[in-house]
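When the count follows the working numbering, it moves up by one through the sequence shown with no breaks and lands on 541 for the last residue. Glycine included, each C-beta is placed from N, C-alpha and C at the ideal position. Take a look at the structure below.
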Amino acid sequence: MTENIYTPDVVVVGGGVAGLTVALNLAPRKVCVITKSNLGINTSSSWSQAGIAASIDKDDSLEIHLKDTLKTAKGLANEAVAKKIISESFNVIKDLENIGVKFDKNSDGSFNLGLEAAHSHKRIVGSKGDSSGIEIMRGLINEVKQSEHITVLENVSIDSIMHENNTIYGVIGRFTDKNMPDNHVIIQSSHIVLATGGLGGIYANTTNPRSSYGEGIALAAEVGAILTDMEFVQFHPTGLDFGLDPTPLATEAIRGAGAFLVNQNNDRFMLSAHPDAELAPRDIIAQNIFKQIDQGNSVFLDCRDTIGDNFKSRFPQVHSYCVKAEIDPAKDLMPIIPVAHYHIGGVKTDITGRTSVDGLWCCGEVAATGVHGANRLASNSLLEALVFGKIVANEINSQPFKQEQQAINSNFLKTYKEKTRSKIRAKKYIWQLRSTMMRHLGIVRNETSILKGLSEIIRIERDSKGLSAKLNDMILVSKFIIVGAIKRTESRGCHLRFDYPNADPKFLNHIDQTQITMEQDIESILLEKDLPQEKTLAS
Ligand SMILES: Cc1cc2nc3c(=O)[nH]c(=O)nc-3n(C[C@H](O)[C@H](O)[C@H](O)COP(=O)(O)OP(=O)(O)OC[C@H]3O[C@@H](n4cnc5c(N)ncnc54)[C@H](O)[C@@H]3O)c2cc1C
């Protein structure tokens, strides 16, 4: 077995918008950035379409952007955090322009702003129509490659945070290249930033890269970090139902440009569902599409008269998916389904990106900073990742640095190696888990479905015998979502329960969890609901 040891000042796990922004802003500190694929590949950041929300139009204002954000968040947003990110929106866009990112502009040099659902003004700053992520990441990667303080470790997957006596001192992982499975990588540092993205990969239908399955949440939970809002998984109303995995996204900006939703009977069902019709908040649209599908209807995006022949130039990325599926958006209806898209919950941080574990920081989708409350306003997530990337870097830079490295605990190393040695092919169980989460913890839940989901996850855990590290992480993350979903006996934002259809003021709070409380809660749920106990199942 070969081990590669690095000793930077700071280790950043994740090479999306959040991770790269932290790394760039940490100069002159020595930083090691780790990504599971080649830089930029398999990140939600590169796949993002519409762009970054910023209230820069002359008729718009920070106050209106804040009002839209809080209204969408359904009473659960942290107003101070929302204010912070919104007030920085123009600055982060300027920062990106300064490193060469090109945004769409009008002939007079002003930004060509897009409109998305639940925004009361046009305020989406994007690039090449629906290719914003590609352009933003191009700029960031280019800058990272020119930065001497950054070392990038590509194709390395981090499996554990090294810790002893409540102190973290680095991360350990291995190369993802199957030809070198025993090559371990150790990065020693007392400052660890997790920027590992979302968890759509635990659902059967998702817009996220399959490698985004909440690994950062599992890493943080294992060292005792507090998680919060785990039940809030946002489903995007318009995944393109072309039979592809992951599901390609049809950005909301398409509806912002006038496209509407119809069923196979040409019924524009959103007109009677919400005063803002197709521009209602995401949860309302996803719920209404779900109702249509539940009634046996098919749902389509109709762009024929509203966007027509301009589709290709305005939305080139979505157009390319349509071409592959032999659909012409100027002439044909586009079949759509709601898909798991964004995780609002995650590792709880304060307004500086600090978690409950000393030395551990989080930013981007893995973090739960409180800005999105119970429902995320479209395009506020890239904004959050960019702003918190800077905040975390500034905070770390203001800290004194330990020069000496803590010795690696040989017991920890031994356990780690045993844990990751297994070569079990867990694909069968992984697909069972994804379909369980989609069916029972999807867009709409109720007690029966959540408990069925729990029983299934426990069965998968028992049958797979805990032998796959990836599956173990997916099981852990699913359990946190299940506990949050069972405890929140109300409907709020993107957490929709058939059995509790209304919001309940007593739930104007966050459901915090740790791995210990989650396991205790599951034991109580099994007892209270008279479900087979884990131990019984395992015997
Ligand atoms: C199709 C799509 C369109 C979207 N459009 C928009 C939009 O228009 N506007 C908007 O604001 N938001 C949009 N979003 C959401 C937004 O893109 C994400 O929330 C944001 O990009 C997350 O950035 P991140 O840096 O946190 O994570 P990511 O960009 O997903 O990066 C995660 C990184 O972590 C690495 N990683 C994960 N686990 C490990 C591990 N164990 N070891 C090593 N590395 C690891 C990955 O390799 C990757 O480099 C969209 C999302 C999708 C999927």
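Going by C-alpha to C-alpha distance, which of the options sits closest to residue i?
i: Ile488; options: Ser159, Arg447, His321 and Thr354; result: Arg447
i: Ile410; options: Ser162, Phe500, Ala223 and Val349; result: Ser162
i: Ile477; options: Lys467, Ile459 and Gly455; result: Ile459
i: Ser112; options: Leu533, Lys60, Thr230 and Ile160; result: Lys60
i: Ser315; options: Leu303, Lys326 and Ala332; result: Ala332
i: Asp532; options: Ser457, Arg490 and Arg494; result: Ser457
i: Pro318; options: Arg306, Ala252 and Phe292; result: Ala252
i: Gly21; options: Cys34, His321 and Pro30; result: Cys34
i: Gly18; options: Val187, Val349 and Cys364; result: Cys364
i: Ile2; options: Asn27, Gly16 and Glu5; result: As displayed, the chain neither begins before 3 nor continues past 541, which places residue 2 out of reach and without an answer.
i: Ser381; options: Gly53, Arg306 and Lys326; result: Gly53
i: Asn299; options: Asp307, Gln266 and Met272; result: Gln266
i: Asp278; options: Arg257, Phe414 and His497; result: Arg257
i: His238; options: Ser213, His276, Phe271 and Phe292; result: Phe292
i: Lys32; options: Gln522, Asp506 and Asn399; result: Asn399
i: Ala223; options: Leu528, Ser526 and Gln517; result: Gln517
i: Leu385; options: Thr417, Ile95 and Asn290; result: Ile95
i: His151; options: Ala25, Asn185 and Val264; result: Ala25
i: Gly172; options: Gln190, His345, Glu397 and Leu246; result: Gln190
i: His494; options: His374, Asp475, Thr422 and Lys421; result: The sequence shown places Arg at residue 494, rather than the His named in the question. If we check each option's Cα against that of Arg494, His374 comes out closest.
i: Gly203; options: Leu196, Arg212 and Gln522; result: Arg212
Excluding the five sequence neighbours on either side, which residues of its own chain have a C-beta within less than 8 angstroms of the C-beta of residue i, listed in chain order?
i: Ser57; result: Ser63, Leu64, Ile66, His67, Ile88, Ser91, His123 and Arg125
i: Asn157; result: Thr37, Lys38, Ser39, Asn40, Phe177, Thr178 and Asp179
i: Leu539; result: Only weak support exists for where Leu539 lies, its pLDDT of 44 falling under 50; the value from the coordinates is given anyway. So the qualifying residues of the chain are Ile460, Arg461 and Arg464.
i: Ser437; result: Ala206
i: Ile452; result: His442, Leu443, Ile484, Ala487 and Ile488
Can you tell me which residues form a DSSP beta bridge with residue i?
i: Gly241; result: Leu251 and Ile339
i: Ile36; result: Val15 and Leu155
i: Leu263; result: Leu303
i: Glu530; result: Paired residues: none, contrary to the question.
i: Val235; result: His345
i: Glu5; result: His186
i: Gln515; result: Leu229
Go through its chain and collect everything with a Cβ distance to residue i's Cβ below 7 angstroms, but skip five positions before and after it.
i: Met520; result: Lys481, Phe482 and Val485
i: Val85; result: Per the sequence shown, residue 85 should be read as Lys rather than Val. The answer, listed in chain order, is Leu68.
i: Phe403; result: Asp11
i: Lys350; result: Ile228, Leu229, Thr230, Thr357, Ser358, Ala370 and Asp514
i: Ile353; result: Ala82, Val83 and Lys86
i: Pro337; result: Asp243, Ser300 and Phe302
i: Ala428; result: Ser466, Ser470, Lys472 and Leu473
Can you tell me whether residue i is buried or exposed, with buried defined as 16 or more other CB within 10 angstroms of its CB?
i: Lys537; result: Residue placement at Lys537 is flagged as unreliable, the pLDDT there being 48, under the threshold of 50; the coordinate-derived value follows with that caveat. Answer is exposed; the Cβ neighbour count stays below 16.
i: Ile7; result: exposed
i: Asn80; result: buried
i: Pro10; result: buried
i: Glu328; result: exposed
i: Gln297; result: exposed
i: Ser46; result: buried
i: Gly366; result: buried
i: Ala75; result: buried
i: Thr198; result: buried
i: Gly116; result: buried
i: Met164; result: buried
i: Thr450; result: exposed
i: Asn290; result: buried
i: Thr417; result: exposed
i: Phe262; result: buried
i: Met439; result: buried
i: Glu280; result: buried
i: Ile524; result: buried
i: Asn377; result: buried
i: Lys106; result: Per the sequence presented here, residue 106 reads as Asp, with Lys not at that position. So Asp106 ends up on the buried side.
i: Leu529; result: exposed
Can you find the residues in the same chain that come closer than 6 angstroms, C-beta to C-beta, to residue i, ignoring five residues on each side of it along the sequence?
i: Gly131; result: Arg316, Phe317 and Pro318
i: Val133; result: Correcting the residue identity first, residue 133 is Ser in this sequence and not Val. Contacts found: Gln319.
i: Glu492; result: Tyr502, Ala505, Asp506 and Phe509
i: Gly42; result: Ser48, Met139 and Ile143
i: Ser541; result: Low per-residue confidence applies at Ser541: pLDDT is 35, beneath 50, and the placement is therefore not dependable enough to give any value.
i: His121; result: Asp70
Considering only heavy atoms of ligand 2, does any lie closer than 7 angstroms to the CB of residue i?
i: Leu251; result: Summarising the ligand content, the structure contains ligand 1 and does not contain ligand 2.
Exercise. Whole alpha helix (DSSP H) runs in the stretch 100-178 with 4 or more residues, listed along the chain?
Worked result: 134-147
For this session: Can you check the stretch 322-391 for any beta strand (DSSP E) of at least 3 residues that lies completely inside it and give the ranges in chain order?
Result: 336-345, 348-350 and 362-364
For this session: With a floor of 4 residues, list each alpha helix (DSSP H) that falls wholly inside the stretch 283-322, ordered by position along the chain.
Result: 284-296 and 313-316
Exercise. What are the complete alpha helix (DSSP H) segments, minimum 4 residues, inside the stretch 175-233?
Worked result: The qualifying runs are 217-224.
For this session: Go through the stretch 466-523 residue by residue and report every complete run of the alpha helix (DSSP H) that reaches 4 residues or more, in order.
Result: 471-489
For this session: Quick one: which unbroken beta strand (DSSP E) runs of 3-plus residues sit fully inside the stretch 25-80? Chain order, please.
Result: 33-36
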